[in-house]
Amino acid sequence: MQESVPFRLRAHEVSRIEAFSDIVFGFALTLIVVSLEVPESYEELMHEMRGFLGFAICFAVLMWIWHAHYTFFRRYALTDNYTIVINTMLLFLVLYYVYPLKFIFSIVTGTISPHGGDGVTLFIIYGLGYAGIFSLLLLLYAHAWHRRAELQLNEYEVHDTVTSMWIFGGYISVGVLSSSIAVLFPRGHAWAGWSYFLLGPLSASIGARRGYLRRLLHERLVAAATSVPAA
């Protein structure tokens, strides 16, 4: 029984809004490395190599966000005014998000050290930016869900759209939790960073639950398709 029914892609060419978005994401990646300089000594080279892990993590996070953005436009091909406005806000927030993203992972990898209450402020900004980005992605997917009849989404596609919304909702909750910990417990603000380790178990639990519901949906649709009405 085939349960992995593919999501039909409604976009077969890159739209202008998608092309512009890719340019912005590319510029955001440039901002991560713009301060890197060619090392002039072995010591400087080793110092730059210490920042490689932070750069790799920042790159992965941005590609994670880009992939969710890319999937939306491939699946739904929406270019209406609402989509343009939300997408513009998302791109603006991505550009804003780059510097706290780079800074926080530079701290994690030991490239730089925060002073005083800098760590608290940084976790607040990072958490709100993280939650804001996935809130806008959730709004995009919710918009597609509201237009499911116009887009002619089948039941599998409606289910998968809602699954994406649930997952983004989980990401948002972790970002808000992290910022809240930093605000309420400034002396224990390190826990604000550790809270992001909840993303794995949370995503797994949502995925397991939604996967189970998708299997039930598949069984119901197959049973309906194979049933023969009585003569």
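If you're matching positions, the sequence shown starts at 1 in my numbering and goes up one per residue.
Glycine is no exception: its CB is placed at the ideal position from the N, C-alpha and C atoms.
This one's a predicted model, so the numbers in the text were calculated from it and none came from an experiment.
Residue i - DSSP class collapsed to helix/strand/coil
i	result
T79	coil
S227	coil
E40	coil
H12	coil
P6	coil
H189	coil
L53	helix
M1	With a pLDDT of 41 at M1, under the threshold of 50, the modelled position of this residue cannot be trusted, and the question is left open.
N87	helix
L216	helix
beta-carbon residue i near the ligand ADP non-hydrogen atom, thresh 7 Å
i	result
A190	Only the bare structure without any ligand can be found here, which leaves the ligand ADP out of the picture.
Per-residue burial, residue i [other beta carbons within 10 Å of its own, 16 or more giving buried]
i	result
I181	buried
L138	buried
S195	buried
A208	exposed
Q2	Below a pLDDT of 50, predicted positions are generally treated as unreliable, and Q2, at 46, falls in that range; no measurement from the model is reported.
R75	buried
L62	buried
I23	exposed
F168	buried
Whether residue i touches residue j by CB criterion (8 Å)
i	j	result
T71	I17	no
V94	A142	no
F7	E155	no
I86	F134	no
R215	T163	no
F92	H189	no
M144	L151	The displayed chain sequence assigns Ala, not Met, to residue 144. For A144 and L151, yes; Cβs fall inside 8 Å.
P100	Y126	yes
F55	V33	yes
Cutoff 8 Å: residue i Cβ touching any chain D Cβ
i	result
L213	In summary, chain D is missing from the structure at hand, where a single protein chain is found.
Integer-rounded CB distance, given that residue j should sit under 8 Å from residue i
i	j	result
A77	R147	11 Å between Cβ atoms; not a contact.
A131	G175	3 Å
F25	W66	5 Å
Y96	G129	6 Å
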